[in-house]
Structures are given as structure tokens and as C-alpha cells.
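From first to last, the protein sequence lines stand for chains A and B.
The first sequence begins at 1459 in our numbering and counts up one residue at a time.
The second sequence begins at 1459 in our numbering and counts up one residue at a time.
Reading through the C-alpha cells given below for one structure.
2 protein chains.
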Amino acid sequence: MRGAVLHGTRDVRIEERARPKIVRPTDAVIRISAACVCGSDLWPYRGNPPITQPTPMGHEYCGIVEEVGSAVKSVKPGQFVIGSFFASDNVCPTCQIGYQSSCRQRELVGGAQAPLLRVPLADGTLVATRDIPSEDLIPSLLTLSDVMGTGWFAADAANVRPGGTVAVVGDGAVGLLGVLSAKQMGAGRIIAMSRHESRQKLAREFGATDIVTERGDEGVARIKDLTDGIGADSVLECVGTGESMQQAIQSTRPGGFMSYVGVPHGVELKGEQLFYSHVHLHGGPAPVRRYLPEMIDLVLDGKINPGKVFDLVLPLNQVAEGYRAMDERRAIKALLCPQ
Amino acid sequence: MRGAVLHGTRDVRIEERARPKIVRPTDAVIRISAACVCGSDLWPYRGNPPITQPTPMGHEYCGIVEEVGSAVKSVKPGQFVIGSFFASDNVCPTCQIGYQSSCRQRELVGGAQAPLLRVPLADGTLVATRDIPSEDLIPSLLTLSDVMGTGWFAADAANVRPGGTVAVVGDGAVGLLGVLSAKQMGAGRIIAMSRHESRQKLAREFGATDIVTERGDEGVARIKDLTDGIGADSVLECVGTGESMQQAIQSTRPGGFMSYVGVPHGVELKGEQLFYSHVHLHGGPAPVRRYLPEMIDLVLDGKINPGKVFDLVLPLNQVAEGYRAMDERRAIKALLCPQ
Chain A
1459 MRGAVLHGTR DVRIEERARP KIVRPTDAVI RISAACVCGS DLWPYRGNPP
1509 ITQPTPMGHE YCGIVEEVGS AVKSVKPGQF VIGSFFASDN VCPTCQIGYQ
1559 SSCRQRELVG GAQAPLLRVP LADGTLVATR DIPSEDLIPS LLTLSDVMGT
1609 GWFAADAANV RPGGTVAVVG DGAVGLLGVL SAKQMGAGRI IAMSRHESRQ
1659 KLAREFGATD IVTERGDEGV ARIKDLTDGI GADSVLECVG TGESMQQAIQ
1709 STRPGGFMSY VGVPHGVELK GEQLFYSHVH LHGGPAPVRR YLPEMIDLVL
1759 DGKINPGKVF DLVLPLNQVA EGYRAMDERR AIKALLCPQ
Chain B
1459 MRGAVLHGTR DVRIEERARP KIVRPTDAVI RISAACVCGS DLWPYRGNPP
1509 ITQPTPMGHE YCGIVEEVGS AVKSVKPGQF VIGSFFASDN VCPTCQIGYQ
1559 SSCRQRELVG GAQAPLLRVP LADGTLVATR DIPSEDLIPS LLTLSDVMGT
1609 GWFAADAANV RPGGTVAVVG DGAVGLLGVL SAKQMGAGRI IAMSRHESRQ
1659 KLAREFGATD IVTERGDEGV ARIKDLTDGI GADSVLECVG TGESMQQAIQ
1709 STRPGGFMSY VGVPHGVELK GEQLFYSHVH LHGGPAPVRR YLPEMIDLVL
1759 DGKINPGKVF DLVLPLNQVA EGYRAMDERR AIKALLCPQ
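So this is what it looks like as C-alpha cells:
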């Protein structure tokens, strides 16, 4: 089987890898219908932190179950499934309250940029659709595995409410799908922070009512201008840098809610700033599994079309170009077709 | 008029001060029924940070209205009133959503350790009782001005729910009243972290079901032992140091809620820790004004007795002993009688 392997900074290759197999009785092996490159893949791709050994890449996936372990009960070969990037047992106390991405047994899924993938804890991780979905729905269903689930969590964690004012920091795929999620949750005003025309366009398509191109203090000042001088009710931080966190905190009104879903790199927050900002904070790795059933219905019913974030479609053997295009911000997100 | 003035580290004195008067038409002057020393007064008292000029002390107060400015409508001379340590207009957009301590016009009330006090923005800050309360209720009513309001906010911001598990970090007066607040909100289990016998006793009286005497990693391990290994649903951080914040974050279960109400001193939080902890965070200066009407009713109806935190009662001219006793942790909280 040929899959994507990261060998070092900006060095991702397609090469022969062992065919995934059932290792534990709770595993499943699925045949990937489509995979993609995640914004978080770009951190190690850019050498931050540098990888220490060749690493199979990819953690966003959907596909047809090929084989299941002897203990797997909820999915069976032939079914179309979507799963979270974090495998979970979905029964521990943390899963039961909806934080499957902090499951006691959680395990990062890896190596999805390939034709086949082993998924641990299949019963607690995968959700099957009733029927095999049509081809045109595959991109949207694929996004539910991480990027759309993460945008959805960002909106949920920032307490987006009908009629509320929302600001989204970050115009990557997660930020754009945060806009879509906020719209779906009924936000009245959605301010997208972006300086890229193609991303602004998609943000508007997804429901953004205002675009702010300024950053840092100027960006904060613009958000305040648009929100009675106090800041937005809900702010979604979808980047993960110190600058974007600052921008987000300062853009939130006192008593408002700020979520952070971008994996933080070098972020430090001062207690005093948090204290006097009066902001609610919540975030972390999205508990995608919690939202999967609802999000799958929204896609199958045609209510949301998050697959629009894929503006580059490549056969798997051109994965290196997918990373390059996203690294250089030529593409929002690259879809990879393994077959 | 003789009132308390801080002159330098551990140097608080009673001395002659100008009689407060109406400066702006929105002011009131009240005759203090009782005042007290706040845990936050101990920071400048201990020289952290050192004060730059002699400073009149005290921001917790209740008393009888002596005089009001021409614009004041909601309170009148002769009424008994309680107000927040932060004056607020109670009409700006931030006040309207219940964050009066971030009011656009907010102003710290100061100099309450004295017989008379000027309160700015009287209409938005003070709440009058229907009748003049009996003497025995004064200590409890006084606590509503800050320490009890802060404990209540700590419990509210940590999302305390009926039947939930709560841990309280800090056994000062705020922490103890956080226990009382959690009990009042219906918490099922309340774990107080304390190693002082008299404070443990009061914590139990206020509703604590468990006492943890360990601190740091050992304290966290004990909390996990008591909570199925995952941590408490709600954790109230009532100290304000880096150590106590760490202890609180690590004691909260994934998806749980942690509040911080102790004024932070030298606290820095790493983004990565917050991200992977999956904790909700909220805190800041308590919006006491929001809670005053409800808390006043609870005291007048005899449902709560937060005045029990005063284990030292002194005439105002012995204020220095009040500071010393609290600094040395001989007293939980000192009540000062100005007349």
C-alpha cells in the first residue's frame, strides 16, 4: 500500500507502507473514500516541532469498513463510516459527558493519507451512515472527521446563540467552518477576520456579514467599532498563536465567550489579563464524536455544505503538492483521492 | 473623621481624614454600620506591590445613607444600603448583561474603613433594604459587599449545579463562602482544601463534605481519588497565585468548569495546558451588584449566615491589629466597628 510519510521539514513523500491490519479486537480497518491535509499537519511539515522519525500522515478520514476485530459490534464491513481524529471508547465518564477527545483510552488516529487505515476503538469512534452516500457528499462528510467538527466545537464552546454577535479569528478552513457553524446556530452577525479575497468570499458564502481585514490592535478596534464599543458576544480563535489569542481575548465583550481550537504554539496568557477581561474561555481538541450524528444529518439533509473548503483536489500520489499549496496559502484545503 | 490609612508595608494607621462629601450629583455619602479587612487588602499591606502614597483603606461596606447628590433617585437619606466594591452605573451594555464590575464608568470604592464613605454612582451601585435590619444581621449583610459576593460569583462562574461535585482551592474567607455558595446552589459533594483546623471546621459548617489537606500534586491526586479519577465538575480558585491556579486547573475534570476570583499575582498560563485540559475558565472581579438583591433576601430570610467568617471583631481604632491577625492567619476575617 502506498501512503504519505513525512520525512523532515517540507519533505512529505508517497511510499510503500505496511497494509494496516486488525491489531486489537476493538480495531477496524477502513478503505479510505477521501482524505485531506489538515492545518495542524502544517506544523510538523514546517518543522515546528521537527519530527524525530518518518511519520505516516493524515488523521481526517471517511470510507468503507473493510474488516473489523472480534469485539466490534456497532459497525460492519461494507458500511460507510466517519470517525474522529481521536479514537475514543465513548463509554468512560469523560466520553459520557461529551468530551471524547479526552477519553481515558484516547488514541490519535494516524496514517489516513493512504488507501487503508486502522481505526482503534471502532465502536466508540466510528459512526456509520444508513446508506452509502453519493459521491458528491463525500467531501462534506470527510470534513466532519476534524475540520468541520472543530469549527462546530469552536462555535459551541464560544456559546454562539441565536441573534448573537460572533467574531472569527483565522481564515483557515477551521475558521471558515466556524463561520458556517455560527450561521447554522443562528448567530445574528458574524464578523470574519481575513485579508485574503478567496477566503473572504467563502466566509460570506458561509454566512459572514462583515469582514475585518485589520489585525492586532487595529483589528480589535474594528471589532469594537462594530459592536457598540464592547466586543463580540462570542469569539472563535482558530489559529493557535499568541497573537491570535490576544486578538481574540481583546475582541470579546466582558462576560462574553472565547473559544480556542487551534493547537497552541508558544501561547502564554497572563492571569491578570484574563481576570480583568471577564471573558469565558473554553477550547481544546474538538470532541468530534459528540457532534458526528447531528453533523452527518445536516450534511445528508443538504443543510450544510462544508466540503466547499476544498479548493484543491489531488490524487494521493500528488500529496506533496497539497502540502505545498496549503503551506504557501495558495489553497485553503487539499482533498486527496486515494484510488 | 478618623479612618484607616496605609502608609507603607505593614504600616496601617488610624488618622484624621477629610470628611467625605458629595463631589458629583450621582454620589451618596453613607454612615458605615460595619466595615472589614479584605484578603485583597493584604497584598498592598505586604508590599506587593508597594504603595506609592498614603492610601485610605477599605472597600467593603454597608450603612445608613447620610446624604445624596441631586441626581440620585433610588436611595435616600435614612435608608440602609449595601453596595459593591466597584461602583457601576448599572445601565451600560456591560452592566445590562450582569458584569457591573466591568461597567464603562466603573470606579473602585475606597476608604470604607472609616465612619463615613463617599459612594460614586449611587443609583447603580447601592441596594437599599426595605427596613433597617437588626444588629445581628449586619455582619452577614456586610459580607455581601465583596467577600460573599465574590464566593457566590466563584460558584456561579464554576457552573455549580445541583448534585455536582465541587472543589474549593483556598480556605480564606472567599473560599469558605465559596463553599457556602456551592451548598446553597445544591452541590452534592463539596471538597474544601484546607490545612487549618478552625477553617476546616467552618468549611464543614458551611457545607463541605470532604476536607483535603494536601497541596500541589498531592492535593490534585487526592481530588482525583475522590472523583472517579477524573476531577471535580466545578473548581473554585480563591487565592490568585500560580500554584493555586495550577492546582485548580488540574483538579477540574475534562469539560468541567474552573473559576478564578482571587486577584492574580504573577500568574502565567500555558496555552497548551489549557488546550489539553478541556476546562472551561471564567472569573474576574465579582459582579457583586448583579447578585445583591438575591443575596440580601437570603440573609434577611435567614437562609445563609455568611457573617460567620468574622472571627475577630475590633473597634475601628484597632484596625492595625485586624490587619496583623489576618496577615499572620490568626484570624479568618476582621470586622471593624466604626462607632
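Backbone N, C-alpha and C fix where the C-beta goes; we use that ideal spot for every residue, glycine too.
- Scanning the segment 1640-1722 of chain B from its first residue to its last, the whole beta strand (DSSP E) runs of 3-plus residues come out as 1647-1651, 1668-1670, 1690-1695 and 1710-1718.
- For G1541(B), the enclosing beta strand (DSSP E) begins and ends at F1538 to G1541.
- Assigned with DSSP and collapsed to three states, Y1519(B) falls in strand.
- Annotation: the continuous beta strand (DSSP E) that includes C1494(B) extends over A1486 to C1494.
- Contact of R1471(B) with chain A by beta-carbon distance below 7 angstroms is absent, the smallest such distance being about 29 angstroms.
- Per the DSSP secondary-structure output, V1624(B) pairs in a beta bridge with I1648(B) and S1692(B).
- Straight across, the Cα-Cα distance linking Q1554(A) with Q1563(A) is about 13 angstroms.
- Excluding its 5 nearest sequence neighbours in each direction, P1620(B) has C-beta neighbours in its own chain below 6 angstroms: G1644, listed in chain order.
- Residue contact with chain A for E1752(B): absent (no Cβ-Cβ distance below 9 angstroms to any residue of chain A).
- If you draw a 10 Å sphere on the C-beta of H1740(A), you find 16 or more other C-beta atoms in it, and that means buried.
- Residue-level contact check: T1608(A) does not touch chain B, since none of the beta carbons of chain B fall below 9 angstroms from its beta carbon.
- DSSP, reduced to helix, strand and coil, places K1766(B) within a helical segment of the structure shown.
- Contact check between the segment 1592-1604 of chain A and the segment 1645-1663 of chain A: fewer than three CB pairs, one atom from each, fall below 8 angstroms, which does not count as touching.
- Interface criterion met: the Cβ of P1551(B) is under 9 angstroms from a Cβ in chain A.
- Within chain A, no C-beta atom comes less than 7 angstroms from the C-beta of K1682(B); the nearest is roughly 12 angstroms away.
- When 7 angstroms is used as the limit between beta carbons, D1604(B) is near no residue of chain A, the shortest such separation being about 15 angstroms.
- Per DSSP, reduced to three states, the secondary structure at V1533(B) is coil, with no helix or strand assignment.
- Nearest CB-CB separation between P1478(B) and chain A: not below the 9 angstroms threshold.
- Taking a Cβ-Cβ threshold of 8 angstroms, none of the residues of chain B is close to G1582(A); the smallest such distance is about 15 angstroms.
- Counted as a single uninterrupted DSSP element, the alpha helix (DSSP H) harbouring L1756(A) occupies residues V1746 to L1758.
- Residue-level contact by beta carbon holds for V1721(B) and chain A, with a gap shorter than 9 angstroms.
- Among the residues of chain A, those whose CB is under 7 angstroms from the CB of M1703(B) are G1729, following chain order.
- Here V1605(B) is near C1496(B), since their CB atoms are less than 9 angstroms apart.
- For R1576(A), the CB contacts under 8 angstroms within the same chain, skipping 5 residues up- and downstream, are P1478, K1479, I1480, V1481, D1485, A1486, V1487 and G1569 in chain order.
- Around the beta-carbon of L1574(B), 16 or more other beta-carbon atoms lie within 10 Å, marking it buried.
- Scanning K1534(A), A1529(A), D1547(A) and V1470(A) for the CA closest to the CA of P1514(A) turns up V1470(A).
- If you draw a straight line from the Cα of R1788(B) to the Cα of A1778(B), it comes to about 14 angstroms.
- Three or more beta-carbon pairs drawn from the segment 1711-1729 of chain A and the segment 1711-1728 of chain B are found closer than 8 angstroms, and the two stretches are therefore classed as touching.
- Close CB contacts of T1583(A) within its chain, under the 7 angstroms cut and outside five residues either way in sequence, are with G1541, S1542, A1545, S1546, V1577 and R1747 (chain order).
- Residue state for V1481(A) is assigned as coil, using DSSP reduced to three classes.
- Each residue's CA atom was taken as its position, placing M1753(A) and G1607(A) some 8 angstroms apart.
- With distances taken between CA atoms, R1504(B) lies nearest to D1785(B) out of V1757(B), R1460(B) and D1785(B).
- Judged by beta-carbon spacing, F1733(A) lies beyond the 9 angstroms limit of Y1781(B), meaning their Cβ atoms are not closer than that value.
- For the pair M1651(B) and G1628(B), the CB atoms are nearer than the 9 angstroms cut-off.
- Counting C-beta pairs with one atom in each stretch, the segment 1634-1649 of chain A and the segment 1690-1699 of chain A have three or more that are closer than 8 angstroms, which means they touch.
- Under the Cβ criterion of 9 angstroms, I1555(A) is counted among the residues facing chain B.
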